[in-house]
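For the protein sequence lines, the chains are H, S, U and G, in the order given. Counting from 1, position 208 in the first sequence corresponds to residue 208 in the UniProt record's numbering; the numbering is continuous, with no gaps. Counting from 1, position 280 in the second sequence corresponds to residue 280 in the UniProt record's numbering; the numbering is continuous, with no gaps. Counting from 1, position 18 in the third sequence corresponds to residue 18 in the UniProt record's numbering; the numbering is continuous, with no gaps. Counting from 1, position 237 in the fourth sequence corresponds to residue 237 in the UniProt record's numbering; the numbering is continuous, with no gaps. Ideal Cβ positions, reconstructed from N, Cα and C, are used throughout, including at glycine. Computed from a predicted model, the values in this text were never measured in an experiment.
Number of protein chains: 4
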Amino acid sequence: MRTVGIIGLGHVGVTTAYTMVTKGLADTLILIDQDGERAQAEHLDLADAQGGLATYTKLLVNDYDALKTADVVIFAAGDISQVGAGGNRNGETVSTKKAIDDVAPKLQASGFAGVLIDISNPCDVAVNYWQQKLGWAKHRILGTGTGLDTYRMRRAVAETLNVNVADVRGYNLGEHGASQFTAWSTVYVNSTPISAFAGIDYDQLAETSREGGFAIFKSKHYTNYGIATIACDMASAVLSDARRVFPCACWDDAQQISIGHLATVGATGIIDNPTLVLPEDEQAKYQASADTIKHNLATMNSFD
Amino acid sequence: MRTVGIIGLGHVGVTTAYTMVTKGLADTLILIDQDGERAQAEHLDLADAQGGLATYTKLLVNDYDALKTADVVIFAAGDISQVGAGGNRNGETVSTKKAIDDVAPKLQASGFAGVLIDISNPCDVAVNYWQQKLGWAKHRILGTGTGLDTYRMRRAVAETLNVNVADVRGYNLGEHGASQFTAWSTVYVNSTPISAFAGIDYDQLAETSREGGFAIFKSKHYTNYGIATIACDMASAVLSDARRVFPCACWDDAQQISIGHLATVGATGIIDNPTLVLPEDEQAKYQASADTIKHNLATMNSFD
Amino acid sequence: MRTVGIIGLGHVGVTTAYTMVTKGLADTLILIDQDGERAQAEHLDLADAQGGLATYTKLLVNDYDALKTADVVIFAAGDISQVGAGGNRNGETVSTKKAIDDVAPKLQASGFAGVLIDISNPCDVAVNYWQQKLGWAKHRILGTGTGLDTYRMRRAVAETLNVNVADVRGYNLGEHGASQFTAWSTVYVNSTPISAFAGIDYDQLAETSREGGFAIFKSKHYTNYGIATIACDMASAVLSDARRVFPCACWDDAQQISIGHLATVGATGIIDNPTLVLPEDEQAKYQASADTIKHNLATMNSFD
Amino acid sequence: MRTVGIIGLGHVGVTTAYTMVTKGLADTLILIDQDGERAQAEHLDLADAQGGLATYTKLLVNDYDALKTADVVIFAAGDISQVGAGGNRNGETVSTKKAIDDVAPKLQASGFAGVLIDISNPCDVAVNYWQQKLGWAKHRILGTGTGLDTYRMRRAVAETLNVNVADVRGYNLGEHGASQFTAWSTVYVNSTPISAFAGIDYDQLAETSREGGFAIFKSKHYTNYGIATIACDMASAVLSDARRVFPCACWDDAQQISIGHLATVGATGIIDNPTLVLPEDEQAKYQASADTIKHNLATMNSFD
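And the structure:
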């Protein structure tokens, strides 16, 4: 049975739960939030939503013990109000650290033996911090990272070239934050490299994917739909051992840090990391992004 | 092509949009909100969510003209902050009236010739008010009404008897509000009338479905998942001409008012209203609920 | 992970496999057939079908060892050519017995610890024979039985009353064969008993559901779509522990035989059998059907 | 409403119908076959399959008039028994021509104004013959062509490199027959050109995709699952105006023949043909394949 825990029932966590329920992506869903009444309220709303479905998802609430047999835990706790006016995800560094410090021992104690997917920001730093805290095999912990930025970049390219997003391939890499970059060398539209298309404003497109979240955030004060679908896509790859490739926040042995790069996602988490041969300028951006994450991780570690 | 307009992109409207996008229930979705930046932000978030889907939904923003060829318009504008501390949906009477007054001429002008599904509260009153305002054939305008309360009642019965909600049938009727009632004479579990089960606390169960929304509302300040799925189920019945039966807020010729009762939903809206022979006590509750709606409609009409 | 084995890749078995692949109902599918080339060919065709899917199903071929961790095995081996000109499913008694005799020890040896769902005909007799052969707890073995006839009856009622099949409830019970019957006392349309509708030709409708397969069989020489969907529905109820109620061929302790009656299907197979209080004439038909199955089981046992 | 006609209810046509019904891809399905009893039998089997679905598809049988408002017609008539022992699809040239000669005037008379998707073989020749016969704007007629071979090539590459088929891109082009070729210059795995992977046996892989159907055909005597899914994918692109890119059998203005090459598929059929810059050897293969189709079209035209 596909068992998924979701810790943190803010907009992102509960939208992820709703997506799993309505699309039949999980058989048991364990909903966890420090606010017990909120968890119970979301549980009722999700239960109501099952009235017309052909699939069934068992819903449990605030039951850490049930995580023992879970395949995936999605960590979505966070405090979006900490994001700065400029949309800097590092604003959440302190609140996310506190949430991880609170949850990590409970997760450890539950006997959970599956794959942890972190959504909480700053995502790459959080993944590294989880890895420090839990000491598990690195492949068991990953973050949605630039998976979402990648969907945003593809959407922006699709709009520009008037094609379907499904026909655009390629990746955003590095930090799920300001230091990320679109690896244009990896972007293809119908197997034609994007460099073959005239009149592309690369800076504008990269900006759109990097800042896409903040365009939404400014008016809505959070984003939830894009991120929930990428989280569901990664979780589903674990649950069905699909061995699908995503740009995930995960361990890079060469950099000795977890950072957004290509990863094959399957039953045990990160199965392997496909090689991408990047041109020098993209390599440099990747290196700079890794340095940024290291610096931000040190900052997170410096807080008590 | 299945074309759906959603007017009002609060939690309910946009969750309905997200459900349609992720489940591939519409081919074109026209997102309309008086806050243009918000509409644009939700559009971007929903567009991001299409990055991993096998289906495709075209998204248009604030384009009333596009409603000309729409099959369904879902009206979800409202001001949840107007709901009283006790959870009385009539608190929205003024704000919903204003929203309808604002939207009705635009909808009329668009040339929209499809089916209007009202979610906004007070739902029954709103349906009646829409019918007054637009003067369309009655079958073209319906509300989700006690469809949601019905899902809640089934969920409550399912939990009590430890069965799957799909195996519970029966309906909540009347006002989507305090005067509604569970028509227990219509409730069956695996084709066995609920009266055959021992130890049922009917008042408690009816309370759960009637007040289910407020249990959620108290902690979350709105409900969106249950209502979005019932709205999608009704819209899908129109889009595929499924002729499925729901308890909808729609015209009751005997009562000369729109009120929640059984309706066959298909391409032209309400196809017909299947007869339910209710026992006297349930008939009396229905009559009382109709009177309540008439009274509340008069109240809505009395505001300028 | 949801792991399903399908043994017997004739039209029914492979259509069941295809449904699971295209709807994402299983994570691993183990395809087994005595004709290894055929199994390989179906495997390739199903693998090709995954080229455009958002879900992933791992396909294994003729790997009995893999059944050790399977949740469900669907047995669909049979020799449709043995069905008589009149469409008598007992024509398959000898061929199905041989197939079970062949497969049972392999299934036993595999260490399979899940739920066995028999589709092969004569279905009720086959379930009983499996139970004799394997000696497992009775709840682990069930057959699709009158589940399909129930769908056919509902379809026939829906067509007659011009309603959606989803709004018709009620069951066909007894043998998945000539002695079955529609339990009209259980049939409701929108919570109204069918007896309240005028002009129903019950004999004609019962005939349609009982003989529905043969109307198809006569021209097509097999039926596969209805049966594949009911098999998938039952398997999904096991995989998600949905505790949904179906009329299944399963053990009736009072009759000391497996026969089609209501059953709650969940992770361990038959969770319980909801009580249905039938009127005397329907009870008599059920008894007669049980006697028929006992007689036919004796016949199956009499063959070497 | 999404309305689809399927003409020819052999294994391929009816599997396509079943996929549309179970996945909710069409709202109305018009099933047409010269064998009226067979059409009725398939209709019943498909209707039975709707007993447990959350979606609804209206089924009509042998109703050419209903095609007047259809969005898509899928032509799947053919006589698989005419395929030679070596699996040559040209064996069907005579029978397919006769089927088109029979159906074309009826389709014309129906007033059908949508998009025709030909599955029948020899697919490219059939598309050209349809275009001659009907005289419609070229963009309204296309064939599944090398869409299926493309899925097969991707599957073969995925198996060889142990990756998910969804992460393999690239196309088979030319005739859906022996003269087709894999355009290796278009094949990428996770945005890395296949030429960067060591130890690839290109001839073997190309052979697998070209001859993939016959590996299945040899044992099963037909293939249906892969082809049904690609047909559904193309039909869905029309129905939702998805503007997705497939290698389709469609008009190539430079070659003055319909042949498998990239096409953007949307509401009006072929929206445009994205440019692929192929290396010389692949261009030569494309030219040779175009010549083959021209020759085979002349052959088809030479029969009475």
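Per-residue contacts from residue i into chain S (C-beta, under 8 angstroms)
i	result
residue 16 of chain H	What residue 16 of chain H touches in chain S: nothing, since even the nearest Cβ is about 11 angstroms away.
residue 169 of chain U	169, 188 and 191
Residue i: contacting residues in chain S (beta-carbon distance under 9 angstroms)
i	result
residue 1 of chain G	1, 2, 71, 239, 240, 241 and 267
residue 23 of chain H	22 and 23
Cβ neighbours of residue i in the same chain (closer than 6 angstroms, five flanking residues each side left out)
i	result
residue 168 of chain G	154, 157, 158 and 189
residue 165 of chain H	154, 155 and 158
residue 24 of chain G	55
residue 115 of chain S	72, 140, 238 and 269
residue 216 of chain G	223
residue 5 of chain U	30, 67, 70 and 73
residue 95 of chain H	79 and 82
Rounded distance between the beta-carbons of residue j and residue i, thought under 8 angstroms
i	j	result
residue 73 of chain S	residue 107 of chain S	7 angstroms
residue 127 of chain H	residue 76 of chain H	Their Cβ separation, rounded to whole angstroms, is 14 angstroms, which puts residue 127 of chain H and residue 76 of chain H out of contact at 8 angstroms.
residue 20 of chain G	residue 267 of chain S	About 19 angstroms separates the two Cβ atoms, so there is no contact after all.
residue 150 of chain G	residue 172 of chain G	5 angstroms
Other residues of its chain near residue i: CB distance less than 7 angstroms, five sequence neighbours each side excluded
i	result
residue 147 of chain S	230, 234, 246, 247 and 248
residue 63 of chain U	30
residue 66 of chain H	30 and 60
residue 288 of chain S	179
residue 112 of chain H	67, 68, 70 and 73
Chain-order list of residues whose beta-carbon lies under 8 angstroms from that of residue i (same chain, five-residue window excluded)
i	result
residue 133 of chain G	100, 101 and 104
residue 42 of chain H	9, 14, 17, 31 and 33
residue 195 of chain U	184
residue 144 of chain H	117, 118, 119, 123, 176, 227, 230, 231, 234, 248 and 249
residue 39 of chain H	9, 31, 32, 33, 61 and 62
Nearest neighbour of residue i, chosen from the options [CA to CA]
i	options	result
residue 302 of chain H	H:125, H:109, H:196 and H:290	H:125
residue 15 of chain S	H:9, H:123 and H:49	H:49
residue 220 of chain H	H:81, H:263 and H:242	H:81
residue 198 of chain U	U:210, U:225, U:160 and U:142	U:160
residue 283 of chain U	U:58, U:210, U:44 and U:260	U:260
residue 225 of chain U	G:272, G:88 and G:51	G:51
residue 255 of chain G	G:304, G:286 and G:272	G:286
residue 218 of chain H	H:278, H:88, H:276 and H:97	H:88
residue 258 of chain H	H:152, H:240, H:236 and H:296	H:296
residue 209 of chain H	H:193, H:181 and H:200	H:181
Local Cβ density within 10 Å of residue i, reported as buried at 16 or more and exposed below that
i	result
residue 162 of chain G	exposed
residue 202 of chain G	exposed
residue 137 of chain G	exposed
residue 131 of chain H	buried
residue 281 of chain U	exposed
residue 242 of chain U	buried
residue 27 of chain S	buried
residue 263 of chain U	buried
residue 187 of chain S	buried
residue 22 of chain G	buried
residue 298 of chain S	exposed
residue 135 of chain G	exposed
residue 277 of chain U	exposed
residue 36 of chain G	exposed
Closer than 9 angstroms at the beta carbon, the chain G residues around residue i
i	result
residue 56 of chain S	236, 237, 240, 241, 242, 243 and 244
Proximal residues of chain U, C-beta to C-beta of residue i below 7 angstroms
i	result
residue 64 of chain G	Near residue 64 of chain G there are no residues of chain U at all, since even the closest Cβ is about 20 angstroms away, more than 7 angstroms.
Proximal chain H residues relative to residue i, where beta-carbon distance stays under 7 angstroms
i	result
residue 262 of chain G	190
Partners in chain H for residue i, counting only beta-carbon separations shorter than 8 angstroms
i	result
residue 27 of chain U	2, 239, 240 and 241
Proximal residues of chain G, C-beta to C-beta of residue i below 8 angstroms
i	result
residue 120 of chain U	What residue 120 of chain U touches in chain G: nothing, since even the nearest Cβ is about 18 angstroms away.
Contact list for residue i against chain S, beta-carbon separation under 7 angstroms
i	result
residue 38 of chain H	219 and 220
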